[in-house]
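*Asks:* In our numbering, the protein residues as written are 312 to 669.
All C-beta atoms in this analysis are idealised placements derived from N, C-alpha and C, irrespective of residue type, glycine included.
Every value quoted in this text rests on a predicted model; they were computed, and no experiment measured them.
Before I ask anything, here is the structure I am working with.
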Amino acid sequence: IDQTVSAIKQVVEEAGLMAGVNIARVYAGIAGTHITSMNSHGVIAIKSREVTQADIDRVLDAAKAIAMPFDRRVLHVIPQQYIVDEQEGILNPLGMSGVRLEAKVHVVTGAISAVENIFKCCNRADLQVQDVVFEALAASDSVLDPDEKHLGVALVDIGGGTTNIAVFLNQGICHTAVVGLGGNHITSDISVGLRTSVEESERIKREQGCALTDWVEPGDVIEVGSVGGQKPRQLSHSILAEIIEARTEEILKVVELELIKAGYLESLNAGIVLTGGVSLLPGIRELAERVFDMPVRIGLPYKFGGLGDMVKNPMFSTATGLLLYSREHAQGDFIQPPDSPDRLRRAWAAVKGWFKEF
């Protein structure tokens, strides 16, 4: 907890100083294998025969009234579609006439303890948490376009400890899941396979990693730092690629099994979108196309014109998605606006450096 609080204080202070803003409230991302989801359904009678916002709120409340273990909390209730008097496919029923309103929703839940720990860390850093957002939802706002969400697409966000999955069809989210494998497992495999430290393994993965052994030139060598003060060694580059390819393929196959189990693999007409830091590995798109047997692209944040290339990196998909989420859901200003666009760019540069450091 103390290390997390210290890290939060550092990045908020640096970003705030460089942007010339006072940050008091935050939107926090959450992930982990404790995240679960389900689809639910609610029905109400329309009191005045015209759908009001109060009716929409009531039907959403009815849809999320599900049996919930005492140690879990609802994170999101996301409308998939509304139905007015058996007329389906309605995205916004406000003002429509009818006597019966139904809502089909996607409910995302998480462990109360995980949520409470996020609040605890942010509060100790003198920050008020506005909302806790499932990271796959945040990333999807940043990298997916409406056509993909309509045709059917799966966002696969490969992070450090976990891989987050979000499936969209007909503009609505229909499935979310978390796989307990990620980039840290690749790093650990490199550490064991090459007999070197975790820190050195992470460096090698970032600088010389490749997800396809076929892409490595025969005879290429890499320098690997040894442990215990011994001299660095030279090893075949293909050995590194074999280690990375094996674990990356396993991660992708576990994702494929999750999509098959959920019944959505055959509905992904727009294919798969990979994002997260691991998607920077050369060859991972081609490996994923081989595993899923469908089109795959690397998802980059694209809705930040002023910041341009600074955020055009899959590593920042969740962070930029949280910014978009905050813009959509914020009630009032929670920072003082910067007086110069350059300050905003400097602030993002500080955040960028923090991501790479931690």
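Can you tell me whether DSSP reads GLU511 as helix, strand or coil?
*Replies:* The answer is helix: DSSP assigns GLU511 an H, G or I state.
*Asks:* Assign CYS432 to one of three DSSP states: helix, strand, or coil.
*Replies:* It is helical.
*Asks:* Output needed for LYS614: all residues of its chain with C-beta closer than 7 angstroms, excluding positions within five of it in sequence on either side, in chain order.
*Replies:* Only SER453, LEU635 meet the Cβ criterion.
*Asks:* My assumption, with CB atoms under 8 angstroms, is that THR629 sits in contact with GLY340. Please give the rounded CB distance.
*Replies:* So it is a contact: roughly 5 angstroms between Cβ atoms.
*Asks:* Please state if the CB of ILE389 and the CB of ALA373 are separated by a distance shorter than 8 angstroms.
*Replies:* No, they are not a contact pair.
*Asks:* Take the Cβ of ASP366 as the centre, count every other Cβ of all protein chains shown within 10 Å, and call the residue buried at 16 or more, exposed below.
*Replies:* It counts as buried.
*Asks:* For THR631, which three-state DSSP category applies?
*Replies:* If DSSP states are grouped into helix, strand and coil, THR631 belongs with the helices.
*Asks:* Check whether the Cβ atoms of ALA599 and VAL589 sit closer than 8 angstroms, and answer yes or no.
*Replies:* No.
*Asks:* Go ahead and pull the three-state DSSP assignment for HIS496.
*Replies:* HIS496: helix per DSSP, three-state reduction.
*Asks:* Candidates GLU561, THR347, ASP604: which alpha carbon is nearest LEU576's?
*Replies:* Selected option, being the one with the closest Cα: ASP604.
*Asks:* Just to confirm my understanding: we take THR498, look at its own chain, exclude 5 residues before and 5 after, and list those with CB closer than 8 angstroms. What are they?
*Replies:* VAL509, SER512, GLU513, LYS516, listed in sequence order.
*Asks:* Given a threshold of 16 other Cβ atoms within 10 Å of its Cβ, counted over all protein chains shown, does SER317 qualify as buried or as exposed?
*Replies:* By the neighbour-count rule (16 or more Cβ atoms within 10 Å), SER317 is not buried but exposed.
*Asks:* Please state the DSSP three-state secondary structure of TYR636.
*Replies:* TYR636 falls in the helix class under three-state DSSP.
*Asks:* Between which residues of its own chain and SER408 is the CB-CB distance below 7 angstroms, once the five residues before and five after are set aside?
*Replies:* Once the five neighbours on either side are set aside, the close Cβ partners of SER408 are ARG360, GLU361.
*Asks:* Give me the Cβ distance between VAL535 and LEU505, rounded to the nearest whole Å; I'm assuming they're in contact under 8 angstroms.
*Replies:* Indeed, because the Cβ distance is near 5 angstroms, the residues count as touching under 8 angstroms.
*Asks:* List, from N- to C-terminal side, the beta strand (DSSP E) runs of 3 residues or more that fit wholly inside the region 411 to 455.
*Replies:* With a minimum length of 3 residues, the continuous beta strand (DSSP E) runs that stay inside the region 411 to 455 are 411 to 422, 439 to 445.
*Asks:* Does the separation of the CB atoms of GLY491 and ILE469 fall below 8 angstroms?
*Replies:* Contact: no.
*Asks:* Given a cut-off of 8 angstroms, decide if LEU592 and GLY483 are closer than it, judged by their beta-carbon atoms.
*Replies:* In this structure, LEU592 does not lie closer than 8 angstroms to GLY483 by Cβ.
*Asks:* Taking the alpha-carbon positions, what's the VAL584 to SER549 distance?
*Replies:* Rounded to the nearest angstrom, the two C-alpha atoms are 27 angstroms apart.
*Asks:* I'd like to know whether the C-beta atoms of VAL565 and GLN545 end up nearer to each other than 8 angstroms.
*Replies:* Result no, Cβ atoms of VAL565 and GLN545 do not sit closer than 8 angstroms.
*Asks:* Can you tell which of HIS640, ILE595, ALA581, VAL440 has its C-alpha closest to the C-alpha of ARG336?
*Replies:* ARG336 has its Cα closest to that of VAL440, out of HIS640, ILE595, ALA581, VAL440.
*Asks:* Is it the case that the region 368 to 385 contacts the region 416 to 433, given that we only count it when at least three CB pairs across the two stretches are under 8 angstroms?
*Replies:* Yes, they touch.
*Asks:* For the beta strand (DSSP E) that ILE476 lies in, which residues bound it at each end?
*Replies:* From DSSP, the beta strand (DSSP E) with ILE476 extends over 474 to 480.
*Asks:* Reducing DSSP to helix, strand and coil, say where THR586 ends up.
*Replies:* Here THR586 sits in strand by DSSP.
*Asks:* Taking just the CA atoms, how far does HIS352 sit from THR363?
*Replies:* If I take the Cα positions, the gap works out to 19 angstroms.
*Asks:* Below 8 angstroms CB to CB, which residues in the same chain sit around ILE401 once its five sequence neighbours on both sides are set aside?
*Replies:* Answer for ILE401: GLN392, TYR393, ILE394, VAL395, MET407, listed in chain order.
*Asks:* Suppose the cutoff is 6 angstroms on Cβ atoms and the five residues either side in sequence are ignored; what does the same chain contact list for LEU462 look like?
*Replies:* Only ASN580, ALA581 meet the Cβ criterion.
*Asks:* Rounded to whole angstroms, how far is the Cβ of VAL419 from the Cβ of THR474, which I believe are closer than 8 angstroms?
*Replies:* Not confirmed; about 16 angstroms, so no contact.
*Asks:* Rounded to whole angstroms, what's the CA-CA distance from GLN398 to VAL332? Just pull it up for me.
*Replies:* One C-alpha to the other measures close to 48 angstroms.
*Asks:* Would you call ASP313 buried or exposed, if buried means 16 or more other Cβ atoms sit within 10 Å of its Cβ?
*Replies:* Label assigned to ASP313: exposed.
*Asks:* Please state whether DSSP places PRO457 in a helix, a strand or coil.
*Replies:* Helix.
*Asks:* Note down the Cα distance separating LEU611 from GLN321, rounded to an integer number of angstroms.
*Replies:* Using only the alpha carbons, I get a separation of about 26 angstroms.
*Asks:* Answer yes or no: do ALA552 and THR586 have a C-beta to C-beta separation smaller than 8 angstroms?
*Replies:* No, the Cβ-Cβ distance between ALA552 and THR586 is not below 8 angstroms.
*Asks:* What's the call for ASN624, buried or exposed, on a 16-neighbour Cβ count within 10 Å?
*Replies:* It counts as buried.
*Asks:* Tell me the DSSP bridge mates of MET621?
*Replies:* According to DSSP, MET621 bridges with nothing at all.
*Asks:* Taking 7 angstroms as the limit between beta carbons, can you name the residues of its chain near ALA449, skipping five residues before and five after?
*Replies:* Around ALA449: GLY340, THR629, GLY632, LEU633, TYR636.
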